[in-house]
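One structure is given here, and the rest of the page talks about it.
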Amino acid sequence: MSLSSAFASELTWPDYAAAVGHGQTPILIPIGSMEQHGHHMPLHVDVLLPTEFARRVASEIGGLVAPAFTYGYKSHQKSGGGNHLPGTTSLDGATLVAALKDVVKEFARHGVRKICLVNGHFENSWFIVEGIDLALRELRWDGITDLKVVVLSYWDFVHKDAIEQLYPGGFPGWDVEHGGVLETSLMLALHPQLVQLDRAVDHAPASFPPYDVYPVKAAWTPACGTLSSPKEASVEKGHILLEVCTQGIVEALRAEFI
3 MSLSSAFASE
13 LTWPDYAAAV
23 GHGQTPILIP
33 IGSMEQHGHH
43 MPLHVDVLLP
53 TEFARRVASE
63 IGGLVAPAFT
73 YGYKSHQKSG
83 GGNHLPGTTS
93 LDGATLVAAL
103 KDVVKEFARH
113 GVRKICLVNG
123 HFENSWFIVE
133 GIDLALRELR
143 WDGITDLKVV
153 VLSYWDFVHK
163 DAIEQLYPGG
173 FPGWDVEHGG
183 VLETSLMLAL
193 HPQLVQLDRA
203 VDHAPASFPP
213 YDVYPVKAAW
223 TPACGTLSSP
233 KEASVEKGHI
243 LLEVCTQGIV
253 EALRAEFI
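If you want our numbering, it's the position in the sequence shown, counting the first as 1, plus 2.
Right, here's the structure in full:
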């Protein structure tokens, strides 16, 4: 049947039930966070980006996009600036795990047997795995043993050739790419009205010691909140990223689900 929307929440329940009841329609769940992204971008970057990748991929593989997780695990200082910065609003790990476990089990109850978690916030990673593991365990208790879950982060599909195009002056590394060229370029391509590039702060990549301290030392994080400079971001780079990551995710899910 032809669906009126790629977003599951926009369907009527009979249309949704008909689409997923046979177990062949993949459900893609974006998982993001409410986290500061410097002076030049909004707090929901980590929700907007995985949601758009999920939408693009769903249209290619005949899937549906579930409502996104809009809160994520606590921002880590070395990858997101730190949970101490205003605007960053996070969940305890146990809360995220419990919510994700429940949602995965609910989709399985509907008849879904193919789920992809599209992560947009690095710190979510291990809690996603825990939520899935607990969901699969409890589903086995209920006799459901044929659910398959794929977990991915869109930036992992940026291959070497693309990195050379995006960072001609040298790649600073994913660990300090928070609010930098990658996210800013994607936002310029997708939501330019939400980017105030004139407010972006140009600075050297953040440098941290090989250990952590708690409570965090706020002085370790650049005052603007980004961990590398977004000054080389562009719409053109955003389109390169959209193509590379979407193609990579589509190929991965076709290999696993079809």
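Even for Gly, the Cβ is constructed at its ideal location relative to N, Cα and C.
Is the beta carbon of residue i less than 7 angstroms from the beta carbon of residue j?
i       : j       : result
Ile-33  : Phe-71  : yes
Ile-117 : Ile-29  : yes
Val-67  : Arg-57  : yes
Ser-230 : Pro-174 : yes
Gly-84  : Val-218 : yes
Glu-54  : Leu-192 : yes
Leu-119 : Ile-31  : yes
Glu-43  : Thr-91  : Note that residue 43 is Met in the sequence shown, not Glu. Their beta carbons are not under 7 angstroms apart, which means Met-43 does not touch Thr-91 by this criterion.
Tyr-75  : Asn-126 : yes
Val-22  : Gly-145 : no
Gly-211 : Val-178 : In the sequence as displayed, the identity of residue 211 is Pro instead of Gly. It is not a contact, given that the beta carbons lie outside the stated cut-off.
Thr-228 : Gly-65  : no
Ala-220 : His-46  : no
Val-151 : Glu-258 : no
Leu-154 : Leu-141 : no
Gly-250 : Phe-159 : yes
Val-252 : Glu-62  : yes
Taking the DSSP output, what are the residues bridged to residue i?
i       : result
Tyr-75  : Leu-93
Lys-80  : Partner(s): none; Lys-80 has no beta bridge.
Ile-63  : Answer is none; Ile-63 lacks a bridge partner.
Phe-9   : Val-67
Ile-146 : Paired residues: none, contrary to the question.
Ile-33  : Phe-71, Asn-121
Leu-154 : Val-120
Rounded to whole angstroms, how far is the Cβ of residue i from the Cβ of residue j, which I believe are closer than 8 angstroms?
i       : j       : result
Leu-168 : Ile-242 : 7 angstroms
Phe-124 : Gly-182 : Not really, about 13 angstroms apart at Cβ, beyond 8 angstroms.
Leu-188 : Leu-51  : 6 angstroms
Thr-223 : Gln-79  : 6 angstroms
Lys-233 : Asp-204 : 5 angstroms
Val-59  : His-161 : In fact, because the Cβ distance is near 17 angstroms, the residues do not count as touching under 8 angstroms.
Trp-143 : Leu-184 : Contact flag wrong, Cβ pair sits at about 41 angstroms.
Ala-235 : Thr-186 : 4 angstroms
So, is the C-beta of residue i closer than 7 angstroms to a C-beta in chain C?
i       : result
Ala-225 : Judged by its chain identifiers, the structure shown contains no chain C, having just a single protein chain.
Taking residue i as part of the alpha helix (DSSP H), name the residues at either end of that continuous run.
i       : result
Leu-2   : The chain is shown from 3 up to 260; residue 2 falls before or after that span and cannot be answered.
Glu-166 : 162-168
Tyr-18  : 15-22
Thr-186 : 183-192
Exercise. Counting pairs of Cβ atoms below 8 angstroms between the region 99-112 and the region 127-141, do you hit three or more?
Worked result: yes
For this session: Evaluate contact between the region 191-203 and the region 6-26, counting only Cβ atoms and requiring at least three cross-stretch pairs below 8 angstroms.
Result: no
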